[in-house]
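Heads up, the sequence shown is in my numbering, so the first residue is 7 and it goes up one at a time.
Here a beta-carbon is modelled for each residue, glycine too, at the ideal position from N, C-alpha and C.
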Amino acid sequence: MAVRGVGRLTCVSLCAQRNSRFQRPALRPLSCPGTVAADLRREEQPSGSTETGSEDKSSKKRFSEVQKERREQAQRTVLIHCPNKISEKKFLKYLSQHGPINNHFFYESFGLYAVVEFCQKESIHSLQNGTHTPSMVTEAAIPFRSRFFNLKPKNPSNQTSEWSHIQSSNQLPPSSKKLFELLCYAESIDDQLNTLLKEFQLTEENTRLRYLTCSLIEDIAAAYFPGCTVRPFGSSVNTFGKLGCDLDMFLDLDEIGKISTHKNIGNFLMEFQVKNVPSERIATQKILSVIGECLDHFGPGCVGVQKILNARCPLVRFSHQASGFQCDLTTNNRIALKSSELLYMYGALDSRVRALVFSVRCWARAHSLTTSIPGAWITNFSLTVMVIFFLQQRSPPILPTLDSLKILADAGDKCIIEGNNCTFVRDLNKIKPSGNTETLELLLKEFFEYFGNFAFNKNSINIRQGREQNKPDSSPLHIQNPFETSLNISKNVSQSQLQKFVDLARESAWILQEEDKDGPSPSSNQPWGLAALLLPSVANMKPLAKKKNKRPASERIKSLLDSIKSNSTENSTSTNGKRTVSTHT
Ligand code: CTP
Ligand code: MG
């Protein structure tokens, strides 16, 4: 692992940080008196480890255990819109009259919000009973009693100096400028990848807010379907989520059926009277349509509701204003929940997996290979599967194939969804750690080389078997869905987007190789390693054939450094439009 110096100019701008860096707490400061959050942070941030190699799995919980605990925690939690200035002590005292508080934190999102977790669910009923529906002068309020409240001072003129601005938890990733500074300051490329992971991964507070948002939506859906569950899936729970990523929700109506089966003892079988529709798809569309209406009309904080019911997987998209999350609500999408569990397993098996995925995701975002708008681009999910596949190819492999995880499964792991065999071992302790000790630096370089030279024209990526296979169709990029094996998860990707990915992968492999030979010296003032890879590329604008004429990387690097020095905007967007550095989701 090469150890790099920090360029002189970078050094100057970082001097102040350098001294404080080692005193910086691992997480952003929080207003959080309980010790629970701190304990949870240590326990549940698999990203905390910066070591290379397999992680200690003894403390790793099963996906289902994490989901159950988080869900239960969210059900004891409320969301409160607060005045901008508040006395934290008085606020907690006021709420404590409804029962003991286990944990709380504040965050800002167009106003100050508090997330308060009570020790008991009963406290929420007590709080709701002491809350009134506002009376409007010119408009009418729909009396909806949720767990989302508005707190107002009884007598604003009584506010003393105790009512001050509260320190709030940050819900956003670092700015590009800050990221570049941190990366340039790192000691090695491995250190850079781990730094990026720490800065971008979901914080404990952000994760709590995601589960709470699902729980609030569940309360609304339960008005129609008592006993339903709204579960988060995708990057919010698979450990590959970046701060700012969307919130994928799954409305699970199957649990309702399960409750009734327990009671069916005796000579009779009791069934609910139900309405029938011609197909599962129509049922899904009808359910989502009515939930969409309900969110739109009565859902506190739910805005911009769109019903996208003709998509392959029908969904309701909306913004949850108070949390700032862009939400996608689906139902009848159990396989996606299973693939979230699989990705969670892969992320937990070896600490290098998440570090590599986060860097590749940030690299793709920085080069506009991924966007938040659906289209012909590659998705983060596809990129994650590509990294997993690449890690299955190493010698010895860093990650096992899905087929080998299926062999390790026991009877309790058996899972068939809509005829698809989704069985794999769920106990992490049953999986032998990899003997591979390759560094992140090497893996990053090899990742770009591997996919820069992959025969996309004839081969498909398949993490079930862990080897390249002949493409079954002519889509430019073919990545087999791990559970619905006839589907291609990257069917949407166009040839030109794939070519852009390949060009950038080659260029990035080349930059890392050049650095290896003749790395930037401490006085060269150049961003290096991962920082250099996140710079805008000329390959975006010119075909690869003209690559000889492009400006050398060092020149691009220098101009970025100049832009950082003279940076006037946080996200470094310059006037020519070419030097936009964006690493956000
Ligand atoms: N999914 C899938 N097949 C696809 C697309 C998505 O099975 N073609 C499932 C995956 O489990 C994925 C989840 O749906 O994780 C959510 O999709 P998406 O939001 O696109 O991806 P995320 O993994 O959540 O990544 P991001 O942070 O970009 O939202
Ligand atoms: Mg998502």
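Three-state class that DSSP yields for residue i in the structure shown
| i | result |
| --- | --- |
| Lys-420 | coil |
| Thr-385 | coil |
| Arg-470 | coil |
| Asn-498 | coil |
| Leu-540 | coil |
| Gly-458 | helix |
| Asp-522 | helix |
| Thr-290 | helix |
| Arg-512 | helix |
| Cys-300 | helix |
| Asp-479 | coil |
| Ile-485 | strand |
| Val-143 | coil |
| Gln-79 | helix |
| Ala-415 | coil |
| Cys-368 | helix |
| Ile-653 | No information on residue 653 is available, as it lies outside the stretch 7 to 591 that the chain covers here. |
| Gln-198 | helix |
| Gln-177 | coil |
| Ser-529 | Note that Ser-529 scores a pLDDT of 45, beneath 50, so its modelled location is shaky; the value from the coordinates is reported in the next line. Of the three classes helix, strand and coil, the one that applies to Ser-529 here is coil, per DSSP. |
| Ile-86 | strand |
| Lys-184 | helix |
| Phe-430 | coil |
| Arg-323 | strand |
| Thr-170 | This sequence places Ser at residue 170; Thr is not what is there. Residue state, collapsed to three classes: strand. |
| Lys-506 | helix |
Cβ-heavy atom distance, residue i to the ligand MG, below 8 Å
| i | result |
| --- | --- |
| Asn-386 | yes |
| Gly-305 | no |
| Asp-196 | no |
Distance cut-off 8 Å: residue i Cβ against heavy atoms of the ligand CTP
| i | result |
| --- | --- |
| Asn-338 | no |
| Asn-212 | no |
| Ile-495 | yes |
| Asn-244 | yes |
| Gly-247 | yes |
| Leu-349 | yes |
| Ala-342 | yes |
| Thr-376 | yes |
| Asp-334 | yes |
| Val-427 | Sequence inspection shows Asn at residue 427; the Val mentioned does not correspond to that position. No, the beta carbon of Asn-427 sits no closer than 8 Å to any heavy atom of the ligand CTP. |
| Thr-390 | yes |
| Asn-468 | no |
| Ser-346 | yes |
| Asn-487 | yes |
Exposed unless 16 or more other CB atoms sit within 10 angstroms - verdict on residue i
| i | result |
| --- | --- |
| Thr-137 | exposed |
| Asp-522 | exposed |
| Asp-196 | buried |
| Ser-182 | buried |
| Arg-216 | buried |
| Gln-503 | buried |
| Ser-543 | buried |
| Arg-318 | exposed |
| Glu-286 | exposed |
| Thr-621 | Nothing in the structure corresponds to residue 621, since the chain is present only between 7 and 591. |
| Ser-514 | buried |
| Thr-58 | With a pLDDT of 40 at Thr-58, under the threshold of 50, the modelled position of that residue is not reliable, and the figure given next carries that caveat. With 16 or more Cβ atoms within 10 Å of its Cβ, Thr-58 is classed as buried. |
| Gly-441 | exposed |
| Tyr-230 | exposed |
| Gln-519 | exposed |
| Pro-180 | buried |
| Lys-184 | exposed |
| Arg-237 | buried |
| Leu-178 | exposed |
Integer-rounded CB distance, given that residue j should sit under 8 Å from residue i
| i | j | result |
| --- | --- | --- |
| His-131 | Glu-123 | Not really, about 15 Å apart at Cβ, beyond 8 Å. |
| Leu-218 | Leu-85 | 6 Å |
| Ile-297 | Leu-257 | 7 Å |
| Asn-498 | Ala-382 | 6 Å |
| Asn-494 | Ser-481 | 6 Å |
| Leu-349 | Phe-246 | 6 Å |
| His-373 | Leu-510 | 5 Å |
| Ser-346 | Phe-489 | Not confirmed; about 11 Å, so no contact. |
| Met-392 | Ile-293 | Not quite, the Cβ-Cβ distance comes to about 34 Å (not below 8 Å), so this is no contact. |
CB contact check: residue i to chain D, cutoff 9 Å
| i | result |
| --- | --- |
| Phe-206 | Here chain D cannot be found, since the structure has a single protein chain. |
Problem set entry | Uninterrupted alpha helix (DSSP H) stretches inside the region 200-279 (no shorter than 4 residues) | 210-227 and 260-267
Problem set entry | Any heavy atom of the ligand COA nearer than 6 Å to the CB - residues listed | Absence of the ligand COA is noted for the structure shown, with the ligand CTP and the ligand MG being the only ligands found.
For this session: Starting from the N-terminal side, write out each stretch of the beta strand (DSSP E) that is 3 residues or longer and does not extend beyond the region 103-165.
Result: 107-114, 118-124 and 154-156
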